[in-house]
Amino acid sequence: MTLERDFTDFPLDIRDNALIATSFVRDMSFEEFEHDLRTQYAVVRALEIIGEATKQVPALVRRRHRDIPWKEMAGMRDRLVHGCSTVDLRIMRQMAKHDLPVLQSVFQRVIEEESGFRGR
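Quick note on numbering: the sequence shown equals residues 11 to 130 in my numbering.
If you want it as structure tokens, here you go:
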């Protein structure tokens, strides 16, 4: 049985997984992250979910939010899935510590704005 998902579920997935990945590395130095395979896998998984959810956001929603780098976000997922052995841990940690908190607030705004379209 497949669960039907509303178009606003995907921005929620993005926001929530950005929060999750950020929380995993919040207090970690790079050296700690570099030696913590479990956290690396968890951050990669959160980034994959973000990228896949990005691909599921309807084109109409993407057009309403042209300031978001949709293509790059989806491409990130593809690079992780198809080239995981070449992932730069410094870049991945940088994203989780600095870029994803920004993404959280951007997608909180998207969620709030798009919830107004749901009832129309």
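Yeah, the Cβ is synthetic: ideal placement off N, Cα and C, and Gly gets one too. Bear in mind that the values here come from a model prediction, so they are computed numbers and not experimental data.
In whole angstroms, give me the CA-to-CA distance for residue i and residue j.
i	j	result
Val91	Leu47	17 Å
Gly129	Glu42	Below a pLDDT of 50, predicted positions are generally treated as unreliable, and Gly129, at 49, falls in that range; the measurement from the model is reported next regardless. Straight-line Cα distance between these residues: approximately 46 Å.
Val54	Gly126	32 Å
Thr18	Val71	9 Å
Thr32	Asp16	25 Å
Ala69	Arg89	22 Å
Comparing alpha-carbon positions, which option in the options lies nearest residue i?
i	options	result
Thr64	Thr49, Arg87 and Gln50	Arg87
Asp77	Ala28, Arg119 and Asp19	Arg119
Pro111	Arg89, Ile24 and Arg55	Ile24
Phe34	Ile60, Pro79 and Thr49	Thr49
Asp37	Ser115, Glu122, Lys107 and Val116	Lys107
Gly61	Tyr51, Pro79, His75 and Arg74	Pro79
Just to confirm my understanding: we take residue i, look at its own chain, exclude 5 residues before and 5 after, and list those with CB closer than 6 Å. What are they?
i	result
Leu113	Ala28
Leu99	Glu44
Along the chain, where does the alpha helix (DSSP H) that runs through residue i open and close?
i	result
Lys107	No alpha helix (DSSP H) contains Lys107, which DSSP labels as neither H nor E.
Glu14	Neither: Glu14 is in no alpha helix (DSSP H) and is coded neither H nor E.
Gly85	Trp80 to His92
In chain order, what residues of the same chain lie with their CB nearer than 8 Å to the CB of residue i, ignoring the 5 residues before and after it?
i	result
Glu82	none
With H, G and I counted as helix, E and B as strand and the rest as coil, what does DSSP make of residue i?
i	result
Pro21	helix
Met38	coil
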